[in-house]
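Asker: Top to bottom, those sequences are chains B and V.
Residue numbering for the first sequence is 1 to 132, as defined by the numbering used here.
Residue numbering for the second sequence is 133 to 264, as defined by the numbering used here.
Glycine is no exception: its CB is placed at the ideal position from the N, C-alpha and C atoms.
None of these values were measured; they are calculated from a predicted model.
I'd like to ask some things about the structure below.
There are 2 protein chains.
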Amino acid sequence: MSKLDISEVSQASGLAPSTLRYYEAQGLIQSSGRKGLRRQYSPEVLERLNLIALGQSAGFLLTEISEMFTPNGPIINRDRLLQKAEQLEQKIKRLTAISKGLRHAAACPADRHLDCPKFQQLIKQSALSRLE
Amino acid sequence: MSKLDISEVSQASGLAPSTLRYYEAQGLIQSSGRKGLRRQYSPEVLERLNLIALGQSAGFLLTEISEMFTPNGPIINRDRLLQKAEQLEQKIKRLTAISKGLRHAAACPADRHLDCPKFQQLIKQSALSRLE
DNA sequence: GCTTGACCTCAAGTCAACTTGAAGTTGTAG
DNA sequence: CTACAACTTCAAGTTGACTTGAGGTCAAGC
Numbered sequence: 001m002s003k004l005d006i007s008e009v010s011q012a013s014g015l016a017p018s019t020l021r022y023y024e025a026q027g028l029i030q031s032s033g034r035k036g037l038r039r040q041y042s043p044e045v046l047e048r049l050n051l052i053a054l055g056q057s058a059g060f061l062l063t064e065i066s067e068m069f070t071p072n073g074p075i076i077n078r079d080r081l082l083q084k085a086e087q088l089e090q091k092i093k094r095l096t097a098i099s100k101g102l103r104h105a106a107a108c109p110a111d112r113h114l115d116c117p118k119f120q121q122l123i124k125q126s127a128l129s130r131l132e
Numbered sequence: 133m134s135k136l137d138i139s140e141v142s143q144a145s146g147l148a149p150s151t152l153r154y155y156e157a158q159g160l161i162q163s164s165g166r167k168g169l170r171r172q173y174s175p176e177v178l179e180r181l182n183l184i185a186l187g188q189s190a191g192f193l194l195t196e197i198s199e200m201f202t203p204n205g206p207i208i209n210r211d212r213l214l215q216k217a218e219q220l221e222q223k224i225k226r227l228t229a230i231s232k233g234l235r236h237a238a239a240c241p242a243d244r245h246l247d248c249p250k251f252q253q254l255i256k257q258s259a260l261s262r263l264e
C-alpha cells in the first residue's frame, strides 16, 4: 500500500487518467515510479493536485503553476501574488454584481429583463468595472 | 452622424474589429447597414456589447448568449438564471478564499508559503468547495 | 496458456474564442 | 485623379487544456 495507481488517483482527485498523464508531461506532478509500465503515485500527489486546482481557480496558467513548483524556479514573487489577489478581488466584485443581476432578472416581473431599470443599472456597473 | 464605423465601435468598446466581425458572424450583433462595403453601426450596439461582456463574465458561452438574444429564442429560463447565480456564488466563495490565501502568502514570513499552516488550511477549504 | 482489462505511448483531434494572412475594394485627403 | 489607409471576405492558424484513437504491453484470473 501507500502507492496509488493511476485509477486510484483519478478516483480520489476527480481528474481523468489522461489528465494526470498530461500533468506529468507538463512537469506538474511526478509518479514515484513504475510497476511494470504502470505509474505508481505516492499519496502526496493528491495534495499537489489540490494546489494545482487552487492555482487554476486563481487564474494562473498551468505553465505558471509549474514554475512555482520548480526547486529554485522564479521565486514566488510576492508582488505577483498581491497583484493576482487584487485582480481576483476586482473579479469578485464584478461577479457579485452579476450574480445579483441574475437573481434580480430571475425574479423580475418585467417580461424582458433587458428592459428593467435595475438590471440596466447592474449592467452599467459591470461594464464600468470592466474597463477600469 | 449617429452611425459608427467599425473602428469607432472598436475604440469605444475596446474590442478588436476582427472580434466585432466575428460577433456578427455568430449572430451576436448586427451592423445597421453598409456604406459601400463598410459596416455602419448604430450606437445601441455598444449597449449590446456590454450585455455580451456581462454574459461572458457570468460564465455563459457566446452561443448561449446569442440564444438569449434571439426574438423568441429559448425563453430566458429563470431557473437557468438562478442556477447560474448559484454557480457564481460558489465561485465567489472560492475566489475569496484564494485571494485571502494569496494575500497571506505574500505577507507570510515562511520561506515556502506551501508550508504555512494558514495557507494549508485555505487550500483545503478551496479543495473542498471544489468538489461540492 | 490464454484472454481480458487496465495500463502504456505518441500523434492527432477538440473546443471556445479569437486572430492572422492573403487578396481584393473603396472613401477621402491631397 | 490618384494614392493609400482603412476597410472587406474567407480560410486557416493560435492558445490552453485536455481528450481521443491506434496500436502495443502486461499481470491476473480462468
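Report yes if the CB atom of L82/B is closer than 8 Å to the CB atom of R235/V, and no otherwise.
Answerer: Against a cut-off of 8 Å, the Cβ pair of R235/V and L82/B comes out as a contact.
Asker: To the nearest whole angstrom, what separates the beta carbons of S2/B and G27/B, a pair I think is in contact under 8 Å?
Answerer: So it is not a contact: roughly 24 Å between Cβ atoms.
Asker: Determine contact between the stretch 136 to 145 of chain V and the stretch 85 to 99 of chain B, defined as no fewer than three beta-carbon pairs at a distance below 8 Å.
Answerer: Short answer: they don't touch.
Asker: Please classify K256/V: does DSSP put it in a helix, a strand, or coil?
Answerer: Helix at K256/V.
Asker: Strictly under 8 Å for the Cβ-Cβ distance: is R210/V near chain B by that measure?
Answerer: Closer than 8 Å: yes.
Asker: My guess is that S57/B and I98/B are in contact by the Cβ rule of under 8 Å, so how many angstroms apart are they, rounded?
Answerer: So it is not a contact: roughly 17 Å between Cβ atoms.
Asker: Just tell me which of D5/B, L95/B and K124/B has its CA closest to the CA of R192/V.
Answerer: Per the sequence presented here, residue 192/V reads as Phe, with Arg not at that position. Selected option, being the one with the closest Cα: L95/B.
Asker: Under 8 Å between C-beta atoms, does S126/B make it to chain V?
Answerer: Taking Cβ atoms only, chain V reaches closer than 8 Å to S126/B, which makes this a yes.
Asker: Is the shortest distance between the beta-carbon of S10/B and the beta-carbons of chain V less than 8 Å?
Answerer: No, its Cβ sits nowhere closer than 8 Å to a Cβ of chain V.
Asker: On the criterion of 16 or more Cβ atoms from any shown chain inside 10 Å, does A166/V qualify as buried, or is it exposed?
Answerer: Sequence inspection shows Arg at residue 166/V; the Ala mentioned does not correspond to that position. Counting Cβ neighbours within 10 Å, R166/V comes out exposed, since fewer than 16 surround it.
Asker: Which residues, in order along the stretch 217 to 244 of chain V, keep a beta-carbon less than 7 Å from a beta-carbon of chain B?
Answerer: Listed by position, the residues of the stretch 217 to 244 of chain V near chain B (Cβ gap below 7 Å) are A217, L220, E221, K223, I224, R226, L227, T228, I230, S231, L234, R235, A237 and A238.
Asker: Is the Cβ-Cβ distance between K232/V and L254/V less than 8 Å?
Answerer: Cβ distance < 8 Å, so K232/V and L254/V count as in contact.
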